[in-house]
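Notes follow once the structure below has been shown.
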Amino acid sequence: MTCRFCKQPGHMIKECPDKPPMICENCGDEGHMRKNCEKPRKINRDHVADVSADDAWNKIKQAAIERDVDDAKEAVEEYIKAVDGDITYRQLQEALIDQGIGLWLIPTERSLIQVFTNMDLQGHIDKKYTISYRFVEQADRPRELEGWPKSRDELLSRLDDAGEVVDRGVPLCLNCKELGHISKFCTQEKTERSDAVKISCFNCGADGHRVRDCPEPRVDKNACKNCGKSGHQAADCEEPPNPANVECRKCNEMGHFAKDCPQGGGSRACRNCGQEGHISKDCGQPRDMSTVTCRNCEKQGHFSRECPEPKDWSKVQCSNCQEYGHTKVRCKVPPVDEADGVGVAGDGDGDGGWSNADAVGGGDGYGNQNTGGNDGW
1 MTCRFCKQPG
11 HMIKECPDKP
21 PMICENCGDE
31 GHMRKNCEKP
41 RKINRDHVAD
51 VSADDAWNKI
61 KQAAIERDVD
71 DAKEAVEEYI
81 KAVDGDITYR
91 QLQEALIDQG
101 IGLWLIPTER
111 SLIQVFTNMD
121 LQGHIDKKYT
131 ISYRFVEQAD
141 RPRELEGWPK
151 SRDELLSRLD
161 DAGEVVDRGV
171 PLCLNCKELG
181 HISKFCTQEK
191 TERSDAVKIS
201 CFNCGADGHR
211 VRDCPEPRVD
221 KNACKNCGKS
231 GHQAADCEEP
241 PNPANVECRK
251 CNEMGHFAKD
261 CPQGGGSRAC
271 RNCGQEGHIS
281 KDCGQPRDMS
291 TVTCRNCEKQ
301 GHFSRECPEP
311 KDWSKVQCSN
321 CQEYGHTKVR
331 CKVPPVDEAD
341 GVGVAGDGDG
351 DGGWSNADAV
361 GGGDGYGNQN
371 TGGNDGW
């Protein structure tokens, strides 16, 4: 056993004869610790500039004229230091009122977390109201009306029990949520933190361990969905289609394609009349406008060219740069050489403005399955 203060063996620091008296970090007196201190805090104002009271007061006036909150706070601190802290918030506000200075110390009740408190100019903590610096006496924001002082008398009365937000300087136990100690020295039973971050494995998806500690074989998330091998995608796979590894796009179950889905994924019914055996472009029935969806406003009953709503440019795709929000007429990217075979199907008319899915066939809202006509199915 070695003392942490004198580095001599045979005793601990609390029994060290050379250890100086215990100094309270709150009040500066000897014989007790900060967590047990009930005296006012000894405020250190060494960081505040040394100026005369008159100069500080003139600076307060100028800050109020310029409505500069930062300068006002700095000037108030300098004035308080110049008078050795021998002034209260109420006395300061009364002096400001008497001299017609438009600076107001507004006390309002706020909810503070445990490790913070309100402290006045003399170091007394646990004050009820929190001070804020304003340049108007009345609330100028509707949401502040409820907590604002209703009169000048109430404002001055509140200043007797007001202060600025400071750190208590006392630790908060994360186990019992009480002040004065940390969880390491907590005497209460350890509790599980509901707000603690959970560790989840990216490989197996289970909680409680990381990928490096996972007992399951590593899974390649980017492997081919058809054969399960790495290095290529399903679109480039040379193996025959394996339904066992296929996820249906209709029901999201494994083992079959959408066209073979038992829930009806393979229907080739006409989008106009609903009968099977033909598609909408070959349909002989009159146009059913209830099945038409506008590409612009997403409402049914009309085409985009007849839409009464303003054009939604977020759905317009440029045939030159493939970006959304403009046509190729306003495209800032150099034109793509059409001789290279680069372009968007259905945009040969000078940019219809819609994406590939909508451009094919010139219809309304049915994607790549539309292969002809202007019927929008």
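According to UniProt numbering, the sequence shown is numbered sequentially starting from 1. No residue lacks a Cβ here, since even glycine has one placed at the ideal position from N, Cα and C.
- prompt: What separation, rounded to the nearest whole angstrom, lies between the Cα atoms of residue 70 and residue 110?
  reply: 21 Å
- request: Have a look at residue 19 and residue 33 and give me their C-alpha separation to the nearest angstrom.
  value: 15 Å
message: Check for me: the beta strand (DSSP E) holding residue 165 runs from which residue to which?
response: 162-167
query: Can you give the Cα-Cα distance for residue 326 and residue 320, rounded to whole angstroms?
result: 10 Å
message: Please classify residue 304 as buried or exposed, where buried requires at least 16 neighbouring CB atoms within 10 angstroms.
response: buried
field: Boundaries (first-last residue) of the alpha helix (DSSP H) holding residue 159
entry: 152-159
- prompt: In the structure shown, what three-state DSSP assignment does residue 13 receive?
  reply: helix
task: Determine the closest residue to residue 250 out of 223, 202, 259 and 194, with distance taken between C-alpha atoms.
output: 259
message: Can you tell me where the alpha helix (DSSP H) holding residue 324 begins and where it ends?
response: Looking at the DSSP string, residue 324 is not in any alpha helix (DSSP H), and its letter there is neither H nor E.
field: Of the listed residues 108, 46, 65 and 99, nearest to residue 82 (C-alpha basis)
entry: 46
query: For residue 48 versus residue 78, is the C-beta distance shorter than 7 Å?
result: yes
query: In whole angstroms, what is the alpha-carbon distance linking residue 203 and residue 210?
result: 8 Å
field: Which of helix, strand or coil DSSP assigns to residue 210
entry: coil
field: Boundaries (first-last residue) of the alpha helix (DSSP H) holding residue 92
entry: 89-98
- request: Could you check which residue in 160, 59 and 113 has the C-alpha nearest to that of residue 166?
  value: 113
query: Below 7 Å between beta carbons: does that hold for residue 72 and residue 103?
result: yes
- request: Excluding the 5 residues preceding and the 5 following residue 44 in the sequence, name in chain order all residues of the same chain whose CB lies nearer than 7 Å to its CB.
  value: none
- prompt: Among 269, 147 and 293, which has the Cα closest to the Cα of residue 283?
  reply: 269
Presumed contact (8 Å Cβ cut-off) between residue 272 and residue 285, rounded CB distance: 6 Å
task: Measuring alpha carbon to alpha carbon, tell me which of 144, 141 and 137 ends up nearest residue 151.
output: 137
message: In the DSSP output, which residue or residues are listed as bridge partners for residue 105?
response: 133
- prompt: Among the residues of its own chain, which have a CB less than 8 Å from the CB of residue 296, if the five just before and after it don't count?
  reply: 304, 307, 309, 311, 312 and 315
query: So, helix, strand or coil for residue 199, using DSSP?
result: coil
- prompt: Any idea which residues DSSP pairs residue 300 with across the strands?
  reply: 293
message: If you reduce the DSSP assignment to three classes, tell me which class residue 6 lands in.
response: coil
field: CA-to-CA distance, residue 163 to residue 405, given in whole angstroms
entry: A query on residue 405 cannot be resolved here, the shown segment of the chain reaching from 1 to 377 and no further.
message: I want to know whether the segment 24-42 touches the segment 126-146 - three or more CB-CB distances under 8 Å.
response: no
message: For residue 118, report the span of its beta strand (DSSP E) as first-last.
response: 116-119
query: Taking the alpha helix (DSSP H) that residue 57 falls in, what are its first and last residues?
result: 53-66
Closest residue to residue 144 among 177, 108 and 155 (Cα-Cα distance): 108
Alpha helix (DSSP H) segment containing residue 74, residue limits: 69-82
message: Does residue 306 come out as helix, strand or coil in the three-state DSSP assignment?
response: helix
field: Distance, residue 66 Cα to residue 318 Cα
entry: 51 Å
- prompt: DSSP three-state call for residue 30: helix, strand or coil?
  reply: strand
- request: Report, in whole angstroms, the separation of the C-beta atoms of residue 252 and residue 242, which I expect to be a contact under 8 Å.
  value: Not confirmed; about 18 Å, so no contact.
Presumed contact (8 Å Cβ cut-off) between residue 174 and residue 105, rounded CB distance: So it is not a contact: roughly 35 Å between Cβ atoms.
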